[in-house]
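Everything on this sheet refers to the single structure shown next.
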Amino acid sequence: MPKVHDRGGWPNDDSVDHSEHEMEEWERQVDALNGVLGDKGLKNTDQLRRAIESLDLTTYESLAYYEKWTAAMEMLLVEQGVMTTEEIDAKVADLKQEQS
Amino acid sequence: MAGEAAAKFKVGDQVRIRVGVPPTHFRTPEYVQGKQGKIDTLWGAFPNPESLAYGGDGLPAQPLYQVEFAQTDLWHDYKGSASDKLLIDIYEHWLETI
Amino acid sequence: MVENGHHDGHGHGDNAEYYSLRAAAMQALLIEKGVCTLDDILTMADKIDSRSPKDGAKILAHAWVDPEYKKRLLADAESAFLELGYDLPETSPKITVVENTDEVHNMAVCTLCSCFPRAIIGRPPAWYKELAYRSKVVVDPRGVLQEFGTAIDEAVQVRVIDSSADYRYLVLPMRPAGTDGMSEEQLAELITQESMIGVGLALAPENVRAS
Chain A
0 MPKVHDRGGW
10 PNDDSVDHSE
20 HEMEEWERQV
30 DALNGVLGDK
40 GLKNTDQLRR
50 AIESLDLTTY
60 ESLAYYEKWT
70 AAMEMLLVEQ
80 GVMTTEEIDA
90 KVADLKQEQS
Chain B
38 MAGEAAAKFK
48 VGDQVRIRVG
58 VPPTHFRTPE
68 YVQGKQGKID
78 TLWGAFPNPE
88 SLAYGGDGLP
98 AQPLYQVEFA
108 QTDLWHDYKG
118 SASDKLLIDI
128 YEHWLETI
Chain C
361 MVENGHHDGH
371 GHGDNAEYYS
381 LRAAAMQALL
391 IEKGVCTLDD
401 ILTMADKIDS
411 RSPKDGAKIL
421 AHAWVDPEYK
431 KRLLADAESA
441 FLELGYDLPE
451 TSPKITVVEN
461 TDEVHNMAVC
471 TLCSCFPRAI
481 IGRPPAWYKE
491 LAYRSKVVVD
501 PRGVLQEFGT
511 AIDEAVQVRV
521 IDSSADYRYL
531 VLPMRPAGTD
541 GMSEEQLAEL
551 ITQESMIGVG
561 LALAPENVRA
571 S
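Protein chains in written order, with my numbering: chain A, 0 to 99; chain B, 38 to 135; chain C, 361 to 571.
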């Protein structure tokens, strides 16, 4: 059984969806943040891939591209001790408060 | 590149892709594993992604090859032309001598 | 957290809300901790935005009109890019150019993730990153070509390149017939993103509106 990301030759009856996805600003910034963290030596491409590949099948298949990147980046930042899950949770709560 | 190993294979050599699904990160898709192909290009040596993925230095660098397969060798029910090919880049430690 | 499985991978629902907040929180924390600045992030975003299929089209159109340049491009793409002022960032994977001819038709995929010659033609299109293309193109390339409306003769060898490691592949499409009198700039307009991935051909001149 191939891993979740190893898709070559998997049975797939879906046709290729040609519609382009307009990037949202947060996705654009996640893309950029990934590049910044790479330049600063805080992660490399294979670490990001390894984190994405650790998602379970349902999550891997249902998350959009930059949602997977975000999940992976969180794993790596926490793993490297740059921040904790609790800090992120608290910051999310702050941001929600600001929004409401 | 530092720590570069001498390439074991040359262009035109027949090779078989090693079979294995380690729980760790690797870049050899299952659909080519166990299949026989031909070395098309030697790209040089590159840091090993299996080490990089865990924060390692990737050394010793692994020779990287582009391997060519006949599509009909990969898929028993291949629907295209008999001359169609698939090419993929594989690190040396995933290649076996025939 | 997966509440509403989007199978198109375009997700704009609850997942997007959840992850956009996680991303914003991480970004804010990285800035507070002095790891990076907002300016670092916005500068990087602009840098990524600055690459587009137009850059690749310009390079490949030059190869159409200058056979010596084409030779250099196929032998050592990165030096040839530099000749035209395209300097790959140090962090970019290697890029190589493969030529489509009367005899061979190359097309690129990354079955494992989304490897793409980003440093020259920017971010990949959405379909390139999604499961249908990644699953099907290696096993049924001619079926996928049909889905793109691309007719490749049975006698032409189809070569699918799975970019799994340190190289990224840019396809040099065939120069269409009836383009002899066209300028390099006009030729560049015929070279689409799809033709540089190999799922399409360069446009016929009658399909490009006069500008």
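Heads up, the beta-carbon is just placed ideally off N, CA and C, and yes, glycines get one too.
Partner residues on chain A for residue i, Cβ-Cβ distance less than 9 Å
i, result
"V58/B", "M0, P1, K2 and D5"
"N375/C", "S61, L62, A63 and E66"
"P97/B", "Within chain A, no residue comes near P97/B; the closest Cβ sits about 16 Å away, beyond 9 Å."
Rounded C-alpha distance that separates residue i from residue j
i, j, result
"F63/B", "R48/A", "10 Å"
"T83/A", "T57/A", "25 Å"
"K430/C", "A423/C", "4 Å"
"T69/A", "P484/C", "18 Å"
"E514/C", "L123/B", "16 Å"
"S113/B", "N33/A", "As written in the sequence, residue 113/B is His, which differs from the Ser given in the question. Roughly 40 Å separates the two Cα atoms."
"L41/A", "K393/C", "14 Å"
"S523/C", "I125/B", "6 Å"
"Q387/C", "R502/C", "43 Å"
"A421/C", "V15/A", "28 Å"
"L448/C", "A479/C", "6 Å"
"D500/C", "G117/B", "7 Å"
"Q151/B", "V56/B", "Here chain B covers residues 38 to 135 and nothing more, so residue 151/B does not appear."
"V91/A", "E67/B", "39 Å"
Cβ-based neighbour list, residue i, same chain, cut-off 6 Å, excluding 5 preceding and 5 following
i, result
"G558/C", "N466, M467, A468 and V531"
"D526/C", "P453 and K454"
"P86/B", "R64"
"A562/C", "P533, P536, L550, I551 and S555"
"W25/A", "none"
"Y59/A", "V3"
"P477/C", "I455, R528 and L530"
Neighbour list for residue i in chain B, Cβ cutoff strictly below 7 Å
i, result
"G40/A", "In chain order: nothing, as chain B lies at least about 10 Å away."
"I521/C", "L124"
"Y527/C", "W80 and D126"
"N43/A", "L89"
"T471/C", "P66"
Contacts of residue i in chain C (Cβ-Cβ under 7 Å)
i, result
"S53/A", "In chain order: nothing, as chain C lies at least about 13 Å away."
Exposure of residue i, with buried meaning 16 or more beta-carbon neighbours within 10 Å
i, result
"Q108/B", "buried"
"S136/A", "Because chain A in this structure spans residues 0 to 99, residue 136/A falls outside the shown range and cannot be described."
"G7/A", "buried"
"L101/B", "buried"
"G369/C", "Reliability of the predicted coordinates at G369/C is poor, the pLDDT of 47 falling under 50, and the value obtained from them is presented with this limitation in mind. Answer is buried; the Cβ neighbour count reaches 16."
Neighbour list for residue i in chain A, Cβ cutoff strictly below 7 Å
i, result
"Y68/B", "G7 and G8"
Proximal residues to residue i (C-beta, below 8 Å), its chain only, five neighbours per side dropped
i, result
"I34/B", "Residue 34/B is absent from the structure shown; chain B starts at 38 and stops at 135."
"I481/C", "R411, S412, P413, D415, G416, L530, Q553 and M556"
"I512/C", "H465, R502, L505 and V518"
Residues near residue i in its chain [Cβ-Cβ closer than 7 Å; skip 5 each side]
i, result
"S571/C", "With a pLDDT of only 48 at S571/C, under the threshold of 50, the placement of this residue in the model should not be trusted; the figure read from the coordinates follows. Contacts found: none."
Neighbouring residues, chain C, relative to residue i (Cβ below 9 Å)
i, result
"W112/B", "V498, V499 and D500"
What beta strand (DSSP E) runs, 3 residues minimum, are completely inside the stretch 63 to 89 of chain B?
DSSP runs (the beta strand (DSSP E)) wholly in the stretch 63 to 89 of chain B: 73 to 83.
Give, in chain order, every unbroken run of the beta strand (DSSP E) that is at least 3 residues long and sits entirely within the stretch 402 to 438 of chain C.
Scanning the stretch 402 to 438 of chain C for uninterrupted beta strand (DSSP E) segments of 3 residues or longer gives nothing; none is fully contained.
Where in the stretch 462 to 500 of chain C do unbroken runs of the beta strand (DSSP E), each at least 3 residues long, occur, reported from the N-terminal end onward?
With a minimum length of 3 residues, the continuous beta strand (DSSP E) runs that stay inside the stretch 462 to 500 of chain C are 464 to 469.
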